[in-house]
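With my numbering, the residue at position 154 of the sequence shown is 155, and numbering never jumps.
Right, one structure below, let's go through it.
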Amino acid sequence: MRNNSMDMFDLAGKKALVTGGSVGIGKACATALAMAGADVAIADIDDRTGEKTAEGIRETGVDCVFIKCDVTSKDQVQAMVAKAVERFGRLDIGVNNAGIAILGGDEELDQSAWDKVIAINLTGAWLCCQAEAQQMIKQGQGGKIINTASMSARIANCNASYDASKAGVVHMTKTLAAEWGGFNINVNCFSPSYLLTPMHASTPLEARQCIRDLTPMGHMERPEDLYGTIIFLASEASNYVTGHDLLVDGGHTLNAWLAPLGRHIPPRVSPDQEVAQLKKDLDAMGVEYDENGINEDLHPEIADAFKGMLGLQ
Ligand code: NAP
Numbered sequence: 002m003r004n005n006s007m008d009m010f011d012l013a014g015k016k017a018l019v020t021g022g023s024v025g026i027g028k029a030c031a032t033a034l035a036m037a038g039a040d041v042a043i044a045d046i047d048d049r050t051g052e053k054t055a056e057g058i059r060e061t062g063v064d065c066v067f068i069k070c071d072v073t074s075k076d077q078v079q080a081m082v083a084k085a086v087e088r089f090g091r092l093d094i095g096v097n098n099a100g101i102a103i104l105g106g107d108e109e110l111d112q113s114a115w116d117k118v119i120a121i122n123l124t125g126a127w128l129c130c131q132a133e134a135q136q137m138i139k140q141g142q143g144g145k146i147i148n149t150a151s152m153s154a155r156i157a158n159c160n161a162s163y164d165a166s167k168a169g170v171v172h173m174t175k176t177l178a179a180e181w182g183g184f185n186i187n188v189n190c191f192s193p194s195y196l197l198t199p200m201h202a203s204t205p206l207e208a209r210q211c212i213r214d215l216t217p218m219g220h221m222e223r224p225e226d227l228y229g230t231i232i233f234l235a236s237e238a239s240n241y242v243t244g245h246d247l248l249v250d251g252g253h254t255l256n257a258w259l260a261p262l263g264r265h266i267p268p269r270v271s272p273d274q275e276v277a278q279l280k281k282d283l284d285a286m287g288v289e290y291d292e293n294g295i296n297e298d299l300h301p302e303i304a305d306a307f308k309g310m311l312g313l314q
């Protein structure tokens, strides 16, 4: 019997693995799990920042290790789980978050772009789920698997490769939840909206304002806006939740707005606060940016796509 309702969110002693964990949403997931007391392995294809992120998390008092891994390789994914288990002795929580977007109209997009997005976002997530579940089944004490989907699984806001990959993640999550419930493994996913990570470092100011104007909560999503979601899905607080897609979008997808939404008081988060974490990530990556955290050269295709949509070109 718990004495304190907060105890159900306690992850002390739990062992977690987060893919795409060097920066952005993955780093936020790793940070949240560490805040709740879990030891965390961060896996990423990018080792420039992975080691730094792991060091920062170790400084908070939990154990953290960086593991280099390309989630499209079954061998590397199996080795990633083995290395996490070698370090921690077991695995309780797997967050499968590595993902990319390659923008461009579907009428001209090269098949290689489609193949790459599906390989990382969907096949990679499945390979990770499989390797984590194999370990959790071996341990015999259940576990929590959490996949990063996107609001793009529900709406058409990117292109078919990205939107379909994320819709695939949502349905894969449901199927795996049904299959692995018998092992006490919960499989859930969460769906952010436009979130200010390095992926959005090139998104122009005009687009950011447009997103704010069309979001009831009135500010762009930040990595830390996901902390509560991750801790909930990783902890015993969500023991009876499985196969669920938790939408965390500030209300952005509630309707097809035609005009900026009215506001009565300022949003909880200011534009400066929105970019604070993004700037830290860009610092860690050694990437320069302006006072708004914008570097147009990091993802020029994303900058072009937004400029095209807003008639800025
Ligand atoms: P991000 O800032 O680009 O970070 C993603 C990390 O994953 C990067 O370190 C990236 O390394 C790594 N990665 C890429 N390919 C990989 C691979 N094959 N194996 C292992 N790691 C790989 O992206 P983010 O915005 O944090 O996005 C994280 C997840 O959230 C993705 O699944 C994305 O689709 C989803 N999401 C993002 C948003 C958003 O608005 N940002 C919204 C909804 C959902 P490199 O930098 O070297 O490529």
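C-beta atoms are modelled at their ideal positions from N, C-alpha and C, and glycine is treated no differently.
Any non-hydrogen atom of the ligand NAP closer than 7 angstroms to residue i Cβ
i	result
S162	no
I303	no
Y195	yes
G105	no
C159	no
P199	yes
D47	yes
N189	no
I26	yes
C70	yes
S236	no
I147	no
A1	Limits of the chain in this structure are 2 at one end and 314 at the other, which puts residue 1 out of reach.
I212	no
A306	no
I121	yes
S23	yes
G95	no
G169	no
G62	no
G125	yes
S113	no
T20	yes
N240	no
S271	no
A99	yes
S151	yes
Contact belief for residue i with residue j at Cβ below 8 angstroms, rounded distance in angstroms
i	j	result
A17	A44	Rounded, the Cβ-Cβ distance is 11 angstroms, inconsistent with contact.
A114	G105	7 angstroms
F89	A208	Contact flag wrong, Cβ pair sits at about 41 angstroms.
K167	A150	5 angstroms
C130	N97	6 angstroms
K28	T54	5 angstroms
L262	P193	That belief does not hold up - the Cβ atoms of L262 and P193 are roughly 19 angstroms apart, past 8 angstroms.
V41	I58	6 angstroms
N189	N240	Not really, about 11 angstroms apart at Cβ, beyond 8 angstroms.
K191	I147	Correcting the residue identity first, residue 191 is Phe in this sequence and not Lys. Correct: roughly 7 angstroms between the Cβ atoms.
V72	G22	Actually they do not touch by this definition, with Cβ atoms about 11 angstroms apart.
E133	V82	6 angstroms
S162	L110	7 angstroms
M310	V24	Incorrect: roughly 25 angstroms between the Cβ atoms, too far for contact.
Bridge partners - residue i, DSSP secondary structure assignment
i	result
S192	L248
T149	F191
C65	V41
N97	N148
A17	V41 and I94
E222	L196
I186	G144
Contact with chain C by residue i, beta-carbon distance below 8 angstroms
i	result
S203	Here chain C cannot be found, since the structure has a single protein chain.
Residue i: CB within 7 angstroms of a non-hydrogen atom of the ligand FAD
i	result
T73	What this structure holds is the ligand NAP, not the ligand FAD.
Is the number of C-beta pairs between the stretch 172-183 and the stretch 224-232 that are closer than 8 angstroms three or more?
-> no
Should the stretch 63-71 be called in touch with the stretch 259-277, which here means at least 3 C-beta pairs below 8 angstroms?
-> no
Evaluate contact between the stretch 293-304 and the stretch 201-215, counting only Cβ atoms and requiring at least three cross-stretch pairs below 8 angstroms.
-> yes
Decide yes or no for the touch test of the stretch 108-126 against the stretch 30-39: beta carbon pairs closer than 8 angstroms, at least 3 of them.
-> no
Mind the definition here: the stretch 235-245 touches the stretch 4-12 only if three or more C-beta pairs lie below 8 angstroms; say whether that holds.
-> yes
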